[in-house]
Amino acid sequence: MQIDSTDRRILELLQENSQFTMKEIASRINLSVTPVHDRIRKLEREGYIDKYVCLLNRRKLGKSLIVYCNITLDKQKRESFEDFNQAIVNMSEVLECSVVSGNFDYMLKVVVEDGEAYNQFYQHKLSALKSVLHISSYFVISEIKYSTGISVR
Numbered sequence: 001m002q003i004d005s006t007d008r009r010i011l012e013l014l015q016e017n018s019q020f021t022m023k024e025i026a027s028r029i030n031l032s033v034t035p036v037h038d039r040i041r042k043l044e045r046e047g048y049i050d051k052y053v054c055l056l057n058r059r060k061l062g063k064s065l066i067v068y069c070n071i072t073l074d075k076q077k078r079e080s081f082e083d084f085n086q087a088i089v090n091m092s093e094v095l096e097c098s099v100v101s102g103n104f105d106y107m108l109k110v111v112v113e114d115g116e117a118y119n120q121f122y123q124h125k126l127s128a129l130k131s132v133l134h135i136s137s138y139f140v141i142s143e144i145k146y147s148t149g150i151s152v153r
């Protein structure tokens with residue numbers, strides 16, 4: 001399925017605020033409500049829209065520290081990767097986990113309250129995994145850009 005400029009504008013608006021009503025979206029793109037509704041359902045059905053979420057303010061929730069971790073596994077075996085993947089999925093502190101190329105195997109984005117909370121996470125969860133050989137931690141001093149929006153142009 002190909003999407004057109006109207007579909008792209010709808011996706012932009014939904015990324016801006018997924019709680020926009022059909023009527024609000026329709027008025028912003030100069031269409032009536034029914035075609036907007038049909039287009040959104042089509043975008044959902046075709047997988048352009050995965051889900052609708054609420055983004056929380058991590059600072060208001062006391063989660064002020066972001067840490068990026070580079071992880072190297074001890075063995076480059078399927079079992080090591082599977083064990084690590086399974087463990088990471090259950091760690092609420094980890095917002096993102098990606099397998100990467102280069103000098104390490106994984107990159108994690110971790111969000112916690114403070115340095116002590118990260119130390120507890122590091123010692124009791126991350127370094128406790130048998131498959132982990134090395135962890136490099138990078139503490140975020142300041143966020144220059146934060147966005148969840150994906151360019152649809």
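Going by the UniProt record's numbering, the sequence shown opens with residue 1, and the numbers climb by one from there.
Just so you know, even glycine gets a beta-carbon here, dropped at the ideal spot from N, CA and C.
For clarity, every value in this text was computed on a predicted model and none was experimentally measured.
**Study point:** Rounded straight-line distance, which links the Cα of Arg-58 to that of Phe-81
**Key:** 29 Å
Review point. DSSP three-state call for Phe-104: helix, strand or coil?
Key: coil
Practice item. For Ser-32, collect the residues of the same chain with a Cβ closer than 8 Å to its Cβ; drop the 5 residues on either side in sequence, then sort them by chain order. Key: Ala-26
**Study point:** Segments of 4+ residues assigned as alpha helix (DSSP H) that fall wholly inside the segment 4–29
**Key:** 5–16 and 22–29
Review point. Is it buried or exposed for Ser-147, if we count other Cβ within 10 angstroms and need 16 for buried?
Key: exposed
Practice item. Could you spell out where the alpha helix (DSSP H) holding Leu-43 opens and where it closes? Key: 33–45
Review point. Are Glu-113 and Lys-51 close, meaning C-beta to C-beta below 8 Å?
Key: no
**Study point:** Glu-96 - partner residues in DSSP beta bridges
**Key:** Lys-109
Point to revise | Where Asn-90 sits in the DSSP three-state scheme | key: coil
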